[in-house]
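Numbering (full-length UniProt numbering), first residue to last: 1 to 534.
By construction, the Cβ of each residue, glycine as well, lies at the ideal position given by its N, Cα and C atoms.
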Amino acid sequence: MLRTLRVGPRLGLGFGLILLITALTAGIGIWRIQTLAADSERVSTVEMERQAQVERWAAGLRLNWVRTEAFLKAIDREYMDQLNASTDATTRDIEQAVQRVHTLVTGDTGKNLLANVDAAQTTYTQRLAEIRELHRGGEPNVPSLVDKDLRPLADKTLAALDALRQHMAQLLNASQQRSSSVAQASKWILGACALAAIALGLALAALVTRSIVQPVQRSRQLAQAIAQGDLAHTLEATGRDEPGQLLEALGAMQQHLAGIVSDVRRGAEGVASASAEIAHGNSDLSARTEQQASALEETSASMEELNSTVRQNADNARAANQLALDARTVATQGGEVVAEVVRTMKGINDSSRKIADIIGVIDSIAFQTNILALNAAVEAARAGEQGRGFAVVASEVRSLAGRSADAAKEIKSLIGASVERVEAGSALVDRAGHTMSEVVQAIGRVTDIVSEISAASQEQSQGVAQVGEAITQMDQATQQNAALVEQSAAAAEGLKAQAAQLVNAVAVFRLSGAPQAARPALAAAEPARQIAQT
């Protein structure tokens, strides 16, 4: 039945029963202790106080009786007053005790006995009052009345009060005996409950331990078999509790482990073969990487030479750019000089034209002077001898006018030739100015082109330097790749050895229907032979 329960409910049931018995025992103990506490409290408070109050009442009555008897028989008035005062004080104390006893007394027997005491005390008090009146009246027979009437009433009251006191003592004794019996019974009940709890706990512990230990031992046997490499050992799981589930889980683990071992064995063989192929491929890759590294070194050397050539071309281009800038400056200055010459030639041309105009004026003046000289000669001829001297002067003036006209014609022809040459020079200077402008523009364009060539050469130099750096980095990366390839080849060799060790390690497991323990070594050795052949 316990095999159908899980360990948790099983332990809970066992401990629950033990706790239930423990709680029951504790409840009984608490109940009995409370009963004892209540009895003790009642004995210590009610019974003891009630007994004390009854004793107080009885003592007061006895003391008052003695004082009353002495008072009624006394002759000294002062002594009688003292007795009377003491009696009144004791009477007040008796009344307090009577009130407390009336409060504490319970039960029919106690109340009946208390009623008897009250009746006897009432009769005694009434008769005492009568005798005191007689005593105050001077009755001589008061002492005999005290002995004859009052003493029996006092004895009766004390007897009734003593009966009540004995009843109170019996109640106190009964309460003490009841508390003792409750304590004794409580000890037996608690002892019995403890023994029952111990017996039930031992029985449940044995049953629960047996139901847990046996499946755990079977699970341990299966785990030891698996640890020794025996994956063919099987055990049937019984029960639906945790140990049964553990045994079932171990069985499932054994089956899965057998499948994993089979897969690992096949995978290890494949890894051994693949690692051999990887080692061979890494060897080829290492050789090709070394060839690539040497080619990159040659390319790097060529790029260094190309970089120096491009750097020299860039320097030449910067020098040509500077020369072009200087030529552009000189051409600009020459153009400015030619422009100034053109302006000067234009001024000379204008001056020559003005001189030609002045010569024309002189020529016209010489012509008019000649005409005036002719007119003067004609007039001198008409005048005869009187105009002969004037005719000579007119002849000389005409001669001077002729020579002036000839000179003016020659100067005009010279000035005309000079103007034509000046105009031809001005045309040539204009053409030279346009040519210089075109030369300046051409030199500017050449300067721009040379500047662009210089910038392009600088960029080309930087690009070649970057290409050189990239090739250097490629060379470094290729060398690192070569080192990595060598490490990969070493790792592949290590992987091959580890794969062989793994195959040999997996070979220790015994699988049901799989007698292939000797194959892993052969499977691991075949790739090694392939590597040796390559």
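Buried or exposed: which applies to residue i, given that a residue is buried once 16 or more other Cβ atoms fall within 10 Å of its Cβ?
i	result
Ala317	buried
Gln217	exposed
Ala380	buried
Tyr79	exposed
Ala129	exposed
Glu269	buried
Pro140	exposed
Arg220	exposed
Asn282	buried
Gln530	Only weak support exists for where Gln530 lies, its pLDDT of 46 falling under 50; the value from the coordinates is given anyway. Counting Cβ neighbours within 10 Å, Gln530 comes out exposed, since fewer than 16 surround it.
Ala525	Residue confidence is low: Ala525 scores 42 on pLDDT, short of 50, so the model does not pin down where it sits. Its coordinate-derived value is still stated next. Ala525 comes out exposed.
Ile75	exposed
Gly27	exposed
Ala324	buried
Val213	exposed
Lys354	exposed
Lys496	buried
Thr106	exposed
Asn64	buried
Asp449	The identity of residue 449 in the sequence shown is Ile, whereas the question assumes Asp. Exposed, since its Cβ has fewer than 16 Cβ neighbours within 10 Å.
Ser457	buried
Val440	buried
In whole angstroms, give me the CA-to-CA distance for residue i and residue j.
i	j	result
Leu372	Ser351	31 Å
Gly433	Ala442	14 Å
Val429	Ala339	8 Å
Arg328	Asn313	22 Å
Trp31	Arg56	36 Å
Ile415	Gly389	38 Å
Thr472	Ala319	31 Å
Thr25	Gly201	14 Å
Ala366	Ala405	5 Å
Ser308	Ala455	16 Å
Ile260	Val467	54 Å
Glu438	Val337	15 Å
Thr435	Arg398	54 Å
Asn321	Met474	36 Å
Asp284	Glu305	32 Å
Arg50	Val98	10 Å
Ser108	Ile198	For the sequence presented, residue 108 should be read as Asp rather than Ser. Rounded to whole angstroms, Asp108 to Ile198 spans 48 Å at the Cα level.
Ala517	Gln228	Any reading at Ala517 must be qualified, since the residue scores a pLDDT of 45, below 50, and its modelled position is unreliable; no value is offered.
Ser273	Ala489	14 Å
Ala523	Val208	Confidence at Ala523 is low in this model, with a pLDDT of 44, below 50, so its placement is unreliable and the value that follows should be read with caution. When rounded, the distance between both Cα atoms is 52 Å.
Arg265	Glu248	26 Å
Ala417	Asn375	35 Å
Gln255	Asp230	11 Å
Ser144	Ser175	46 Å
Arg382	Arg421	50 Å
Val310	Gln487	40 Å
Thr369	Glu385	23 Å
Starting from the Cα of residue i, find the closest Cα among the options and give me that residue.
i	options	result
Arg62	Val117, Asp155 and Ile355	Asp155
Lys73	Ala505, Gln322 and Leu134	Leu134
Ser181	Ser308, Arg382, Ile33 and Glu469	Ile33
Ala377	Ala366, Val392 and Phe367	Val392
Leu171	Val46, Asn282, Met303 and Arg431	Val46
Lys346	Asp230, Ser461, Ala489 and Val419	Val419
Gly402	Leu306, Ser364, Met436 and Ala482	Ser364
Ile348	Phe71, Asp326 and Gly425	Gly425
Cys193	Asp108, Leu17 and Leu484	Leu17
Leu484	Ile453, Ala287 and Asn64	Ala287
Gly444	Ala206, Arg421 and Ala331	Ala331
Ala70	Arg151, Ala465 and Glu452	Arg151
Ala168	Gly110, Asp448 and Glu423	First, the amino acid is wrong: residue 168 is Met here, not Ala. If we check each option's Cα against that of Met168, Gly110 comes out closest.
Met253	Ile226, Asp263 and Ser262	Ile226
Leu104	Thr68, Met48 and Val440	Met48
Ala427	Gln476, Ala408, Ala183 and Thr344	Thr344
Arg162	Ala505, Ala59 and Ser186	Note on residue identity: the sequence assigns Asp, not Arg, to residue 162. Answer by Cα proximity: Ala59.
Gly267	Leu502, Ser451, Gln368 and Val446	Leu502
Look at residue i and residue j and say whether their C-beta atoms are less than 7 Å apart.
i	j	result
Leu164	Val66	no
Glu493	Ala279	yes
Thr157	Gln121	yes
Val271	Ala491	no
Leu204	Leu250	no
Glu290	Ala482	yes
Ala295	Gln479	no
Ala85	Val117	no
Lys412	Ile453	no
Tyr124	Leu153	yes
Let me check you understand the geometry: is the CB of residue i closer than 6 Å to at least one non-hydrogen atom of the ligand HEM?
i	result
Ala115	As presented, the structure is devoid of all ligands, the ligand HEM included, so that no description of it is given.
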